[in-house]
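Protein chains: 2
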Amino acid sequence: MKHTITFLPDNITATVDKGENLLNAAAQAGVYVHAYCGGDGICGKCKVIVNKGEVRSDKANLKQEDWEKGYRLACLSTVESDLEVTIPEMTTKSGKILKRKPKTTRTISAKAQDNLIGSWEIEPPVSKLYLELDPPTLEDNIADMNRVMRGFGQAFPDHVGEPSYDHPELIKYLPAVLREADWKITLLLLRRRQGGFRIIDVEAGDTTSRLYGLAVDIGTTTCSGVLIDLNSGEILAESSGYNGQISCGEDVISRIVYAKRPGGQQALQDKVVGTINKIIEDICRELIISPADIAYMMAAGNTIMSHLLLGLDPKYLREAPYVPSVSRFPLTKAAELGMQAHPSMRLFLYPCIASYVGGDIVAGVHACQMAKSDKVSLFIDIGTNGEIVVGNQDWMVCAACSAGPAFEGGGIRYGMRASSGAIENFQIHPQTFDPMIVTIDRIKPSGICGSGLIAIVAELLESGVIDQQGKFRHNLDTPRIRQGVDGWEYVLAWARDSLIGEDIVITEVDLDNLMRAKGAMYAGYQTLLESVGLGFADLDRVIMAGNFGAYIDLERAICIGLLPDMDRENFYYIGNASMLGCQISLSNANRFQERLAVRQLMTNMELSENPEFMQHYMAALFLPHTDMSLFPTVQEKLQEIG
Amino acid sequence: MKHTITFLPDNITATVDKGENLLNAAAQAGVYVHAYCGGDGICGKCKVIVNKGEVRSDKANLKQEDWEKGYRLACLSTVESDLEVTIPEMTTKSGKILKRKPKTTRTISAKAQDNLIGSWEIEPPVSKLYLELDPPTLEDNIADMNRVMRGFGQAFPDHVGEPSYDHPELIKYLPAVLREADWKITLLLLRRRQGGFRIIDVEAGDTTSRLYGLAVDIGTTTCSGVLIDLNSGEILAESSGYNGQISCGEDVISRIVYAKRPGGQQALQDKVVGTINKIIEDICRELIISPADIAYMMAAGNTIMSHLLLGLDPKYLREAPYVPSVSRFPLTKAAELGMQAHPSMRLFLYPCIASYVGGDIVAGVHACQMAKSDKVSLFIDIGTNGEIVVGNQDWMVCAACSAGPAFEGGGIRYGMRASSGAIENFQIHPQTFDPMIVTIDRIKPSGICGSGLIAIVAELLESGVIDQQGKFRHNLDTPRIRQGVDGWEYVLAWARDSLIGEDIVITEVDLDNLMRAKGAMYAGYQTLLESVGLGFADLDRVIMAGNFGAYIDLERAICIGLLPDMDRENFYYIGNASMLGCQISLSNANRFQERLAVRQLMTNMELSENPEFMQHYMAALFLPHTDMSLFPTVQEKLQEIG
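Here's what the structure looks like:
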C-alpha cells in the first residue's frame, strides 16, 4: 500500500510504501532533514511535526513538551497513512532561512521492466509423458527399451526417428521399473537442439504432476536458487547462501590464485558444489520433495565461476591474452559434479563470451531480450568488474572493465558492503554543509556502501564541497572539511555519532578511486559504441542489472558521470538478470534454445590495452566528465548551483 | 602349396596342402584305411605303399621288411609332393575283395566366400585431422575450444555447424595440450550418425599416422581381438583368450544364474572386462603401442554377453517371455566399463535382436551382406544354441533354437570339445564295420567332438550299422555292436587303443540327443521359411558361420539332416562372422552405419512354444527326416547302399 507525504514548508511530495521510515522517505524525496546518527534516534536532530495523518513513533530522546507539541523524530517514525509533515525552519549562520529545493529522484517503474522482459508461455524444455505399455508376451517380446520407444512413437506419431537416450544407468534400472510399475511409466523428456526428444529418465507410475526445474545464479559472493514448478511456471521456493569459495578468496582473482595450490582447484569446485547442494537441500526440505525430483537445472555464473564449477583450470583466464577453455559449456550431469541430483539430471550452464564476460551477462542479455529489439541498448552490470554490452538484434559488442572495487566498498577508507550501518543515503545542507545520513537498518553509521558513495560524491559536488576534479574546497566554513592522514577529507559522522567510535570520513583518495571506477565504466560505454561507429546519441536505452542497480539513484549516478546523461525514461533496471535468464530458460523451450544464438551474437572487445579506451578513460577522470557537452543536465545543474 | 594324391586301386584323387597327414588326407578324400588308434602310430594298421612321390614318414611300429617293401604308416606320413599311393587290398570275411567307392566331400571354396563378403574402402568412422592453429592474441582471444572449432571449420568449410564433443575431460586437458603442442594438434574425429563429426580427442602434434581400431568378438567361451591399422586397413595383431567368466559357468544359462548371486553380476562384468583388457595388453605389448592409441572399438557378442559387459541384469533374458533390456546398445566409453583405454574411446557393440539372437549374429549377417542381396539366404550359426536367420534385402526373420549342446560334445557319453584326441574324422568298413579313426593332433582317441559326431553318425547310417530311427541293427556280425549300460552301442575304440583306457562308444542315447539337436535346427529353418510363406525350394543359399562350420563335412551334415539337401555350390562358410562384421565396421564408415539398418530388418520369432515348430521338430527326429522327399540325394544314396 502506498501513501503520499507532503513535506512543508516547501510542498514537496513523495509516495512511499506504508511502513516506510519517515527519515528515509524524506531522503528519497530529496528533502534535507538534519540527521547525523544514521537514523538511530540518538542525535535527536530530525524533529518534524506531523500535521495530518498517522505515524507510528518512538518517543525516545524527545522531550515530553516536544512530543506534546506534535514533534516526532523522523528516524523513529514509520508512515501509516497519507501525511502532511512540517520540517522546522532552519536558518543559516547568517540568519537566512534555508529554502529547500525539491530534487528529482528516479526509481525505474516496474511496468517498464516488464515490457523489457516480456512474457513467455510455460513450455519447458523438459516434459513428462505418461505411458501405459502392453506387457510383453512370447509373440511380442521386444527389448524393454524398444517397448518404451514404441509407446513413445504411439504418443508422438509425427516424431522423426526414435528419441535418444544417453544415460547409461537408465537401461540398467529400466527393466525393474517397468515390471514394478506394471508397465505404467512416466518418461522425462528433454527437447533436443537438433529436434526431437531425448529420454532422460523413466519413472514408475504417473508422475506427470511432479516436474520441477531449478534456476541457479552462481555469484562470486552469493549463490541463489529458485525452484520452479514447470507445469505452472510458479516459483515454489527460493534459497541462497554465500558461495563457499569465499573462504578461498573474496574475488575471482584470488580464487584463480587459490586454484594454483595443490588440490586448490578441486577444493574450489567442491565448495561451490557444496553451496549449491545446500540450496537444493533447503528447497527440497521446504517443499518436502526429493532432489531426484528436480528435472533439470539452468545455471549462470561468470566465466571463472563456470570454469571452477566444471573443474576447468582457470589459470589462462587471468594470463594475457585471457583465453577461456571453452565458451559453450558441454552438457553436464549435475550428479557427476557431486551435486545432490538424479544421476540423469542435466545442468545447463549459460555460455560465456570471454574471460571476464561470463554466462551471467549472457543470461542477463537473454532475459532482457536485447537480441530481439531494433533499439540500441546499453546493458550494464556494475560490480568489481563492470560488464558492458552494447547492441541490438543485429549485432552486439561487449567488454569487461576493471572498474575496481569502489562500488563494493573496496579502496574507500570507510567503504563497506551494503549491510547494517552502511550509509546508503545522504544529503548535505547547502550552507552549513552538515550531512543528513541514512544508514541501512537505521543504526549509527559504520561506513559507506556503493550507493551511499555515489550519493555522497554527487551531493558534495552539487553543494560545492568538492570541485569537478574531486578536490575539496578548503575555504568553506565548516570543521567537517579538514586535512587528515590521506590529505583533505570531509567528516561524514563524528566519532560520537558513529558506530565504530571514530570519525567516518571521505577522503580525496576515496574520490580518486571512485572517479577511476566510474571513469572506466564510462570509457567502456564510449569505446564499445565507437567500435561500431556510434555515439551516445544513438543509444536508445540503458539496462542495469545486478544488485547494485537496485539502490542507485539515477540523477546522482548521472551527476558523477557513472551513467550517460540521457532521457531518464530510457533507463531500466532488471535486478538479478542472470537469475531471470535462468528462470526463463527453465520454463520455455524456445527461449531456452535462444540462449546460444544470443551468445553467438556477442563479440568481445579487450579493453585492457586498447588505446581508445585509455584515452576515453583519462577524459572521464573528472566529475562528471572533462567534456561537459556529454552531460548537459549536469552542466545546467552545476551552473545553477555554482 | 597343394599336392594331388591318387589313391589306388580305386583311383580316387584328392588335393591337399603340402605337409598334410596322409591318413587325414585319405579320410578327407573319403578313402577308407584301417586305423584304430586315431593316428598315433600304435595300431600299425594304416599301412600303404607309396608308389610315386615323396612322403616324410616315421618308421615306428613298422617291420624292417615292410619298410623296405615301401610300406609306410599313413598316420605317420606327411605329404611332400604329388603322390600315387596304393592301399593294400582288404578282404571281407567271406574272402571278397573290398572295393572302395569314392565318396564326395565338400570344402567350400574361398573364392565363393570372398564374393559373399565383398570388399570395402578403408574409410573408417574415425579419422584424424592435423591442425596448425594461430596462437591467441589480445585481439583474438576466443576460447580454446572455439579456436579448435575455427580450425576445424577452415579444414572442412562445407561442414554444417560445429562438430560436437561430449567428453567432459576433453575441455579439461585441451588448454594444456594446445599450449604444450604450440597450437599444433591432431583431432580424433568420429562421424556422427546424423551427419557431421564429433571430436573425441585432441592430441599434441601430428599423430595422424597412428590410427588404430580394435575388433572384439566376445564369445561365451573365447574372446578374441584384432587390431587394425585404420589408415591402411591392415590387421596388425590378433589375440584371444578364454572368457574369464568361464569360472562362473560354462554356458550362458549358468552365467545368468551366477549373476543372481550377491555381487555376481559385477563379478561377471569384471571378468569379461579383464579378459578384454588382457587382449588389449597383449596386442599393445606386441606392437609397442599404448592402449590410449586405440581410437575405437567395435565389439559383438551374444545378448547375454552384451548385457553382462554393460552391467545390465541378464535375469529377464532367461525368464519367459525372454525380454532383453535393450537391443540397440547405447554409446559406451570403454574406460567407464573399466577397460584399459583412452577415456574418450568409444566401444560400439553390435545391437541384438532378442534374448537368444545377439549382436554376434547381427554382425555375421552384416558381414555376409545378406541385407544387400535379393537372394534368399539361410544364415546358420551352430553352437549350444543354434541361431538361424532367413531373408534377403527386403525382409529377415530370425530365431534361436535350443539345439542342445550335442555339437559341442554335451549330452554325448564320450562327447568332448574339439581339442587334442577328439575323433574328428571317421569312416567305417562296410563289411567288417571296423572304424577308421582320425583324431585332432593324431593321438589316441579320448572322445568325440561335434564334427566327429556328425561323421560317425553319417557313416553308421550309410553303412547300415544304424537305421533311420537312430537304432542299431543287432544282427550285424561285429563285436563292436553290443549292449551297454545305456542300451545298444557301437565301440569306436577299444580300451587298448584309447587314450582314456576304456572303450569309447557311441550309444543310442547319444544318437537320440544328436537327432534332437539337428532336428531342432532343421525345424527352425522350416518354421522360419514357412512364416514368410516360403519353403526350401525358395532358398538360394546357405551361409554357415562360427567355428563349427569350419570342420563340418557338407555331405555328412546333409546326410544326417542337419543341413538342407540342396545344390552344394550354394553353401558358404564365412568363419567367425561376428569378428568379420566388427572388422568391416571398424574400417568403413558406410558399412559401420549399415549395422543398425541390418538390425532393423531382422524380426525375431520365438520358437520355444511355437506349435508349427514343434510339429516340424517331431518330423525331423529321424535320419535325415521322416519326409524323405526333402532329402533326395540322401534317399538315393541310402537306397543304393541298402
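So the sequence lines, in the order shown, correspond to chains A and B. Those letters in the first sequence? Residues 68 to 709, by the working numbering. Those letters in the second sequence? Residues 68 to 709, by the working numbering. Glycine included, C-beta positions come from ideal geometry on N, C-alpha and C. Remember, predicted model here, so these are calculated numbers, not experimental data.
Can you find a CB in chain B that lies within less than 8 Å of the CB of residue i?
| i | result |
| --- | --- |
| Glu348(A) | no |
| Val424(A) | no |
| Lys239(A) | yes |
| Ser276(A) | no |
| Glu454(A) | no |
For residue i and residue j, what's the separation of their Cα atoms in angstroms?
| i | j | result |
| --- | --- | --- |
| Glu597(A) | Gly218(B) | 30 Å |
| Val83(B) | Val424(B) | 37 Å |
| Arg395(A) | Glu661(A) | 13 Å |
| Gly537(A) | Leu578(A) | 6 Å |
| Thr700(A) | Asn637(A) | 15 Å |
| Gly311(A) | Ala430(B) | 53 Å |
| Asn182(A) | Ala434(A) | 11 Å |
| Ala177(A) | Tyr640(A) | Below a pLDDT of 50, predicted positions are generally treated as unreliable, and Ala177(A), at 49, falls in that range; no measurement from the model is reported. |
| Asp461(A) | Gln593(A) | 19 Å |
| Met68(A) | Asn118(A) | 21 Å |
| Gly458(A) | Cys419(B) | 54 Å |
| Ala590(B) | His683(B) | 5 Å |
| Trp555(B) | Ile209(A) | 45 Å |
| Thr670(A) | Gln706(A) | 40 Å |
| Val53(B) | His692(B) | Beyond the ends of chain B as shown, which are 68 and 709, falls residue 53(B); an answer cannot be given. |
| Ser321(A) | Leu384(B) | 57 Å |
| Gly300(A) | Ser654(A) | 6 Å |
| Thr370(B) | Val340(B) | 16 Å |
| Ser486(B) | Ile507(B) | 6 Å |
Taking C-beta pairs closer than 7 Å, name the residues in chain A that residue i reaches, listed in chain order.
| i | result |
| --- | --- |
| Val390(B) | Pro203, Asn208, Ala210 and Asp211 |
| Tyr232(B) | Pro397 |
| Ala387(B) | Leu205 |
In the DSSP assignment, find the unbroken alpha helix (DSSP H) run with residue i in it and report its ends.
| i | result |
| --- | --- |
| Tyr639(A) | Where Tyr639(A) is concerned, there is no enclosing alpha helix (DSSP H), although the beta strand (DSSP E) it sits in stretches over Phe638 to Tyr640. |
| Cys649(A) | Ala644 to Ser654 |
| Val524(B) | Gly517 to Glu529 |
| Gly453(A) | Unbroken run through Gly453(A) is the beta strand (DSSP E), Gly453 to Gly458; no alpha helix (DSSP H). |
| Ile267(B) | Taken as a continuous stretch (DSSP letters only), Ile267(B) belongs to no alpha helix (DSSP H), being part of the beta strand (DSSP E) at Phe264 to Ala271. |
| Ala686(A) | Pro678 to Ala686 |
| Pro502(A) | Not the alpha helix (DSSP H): Pro502(A) falls in the beta strand (DSSP E), residues Pro502 to Thr506. |
| Ile154(A) | No alpha helix (DSSP H) holds Ile154(A); DSSP gives it neither H nor E. |
| Tyr363(A) | Looking at the DSSP string, Tyr363(A) is not in any alpha helix (DSSP H); the run it does join, the beta strand (DSSP E), is Ile361 to Gly368. |
| Ser598(B) | Glu575 to Ser598 |
Quick check on residue i - is its C-beta less than 8 Å from some C-beta in chain A?
| i | result |
| --- | --- |
| Tyr383(B) | yes |
| Ala177(B) | With a pLDDT of 49 at Ala177(B), under the threshold of 50, the modelled position of that residue is not reliable, and the figure given next carries that caveat. So, not an interface residue. |
| Asp235(B) | A small fix is needed here, since residue 235(B) is Pro in this sequence, not Asp. Closer than 8 Å: yes. |
| Leu697(B) | no |
In chain B, what lies closer than 8 Å to residue i by C-beta?
| i | result |
| --- | --- |
| Asp380(A) | Lys239, Pro242 and Ala243 |
| Glu247(A) | The premise fails here: Glu247(A) is roughly 13 Å from chain B at the closest Cβ pair, so nothing lies under 8 Å. |
Mind listing the chain B neighbours of residue i? Cutoff is C-beta to C-beta under 9 Å, in chain order.
| i | result |
| --- | --- |
| Ala421(A) | Asn208, Ile209 and Ala210 |
At a CB-CB cut-off below 8 Å, which residues of chain A make contact with residue i?
| i | result |
| --- | --- |
| Val393(B) | Ala210, Asp211, Met212, Asn213, Ile238 and Leu241 |
| Glu673(B) | Leu205, Glu206 and Asn208 |
Q | Near-chain B residues of the stretch 259-275 of chain A (beta-carbon distance less than 7 Å), N- to C-terminal order | A | Gln261
Q: For the stretch 647-678 of chain B, enumerate the residues whose C-beta is nearer than 8 Å to any C-beta of chain A, in chain order.
A: Asn671, Glu673, Ser675 and Glu676
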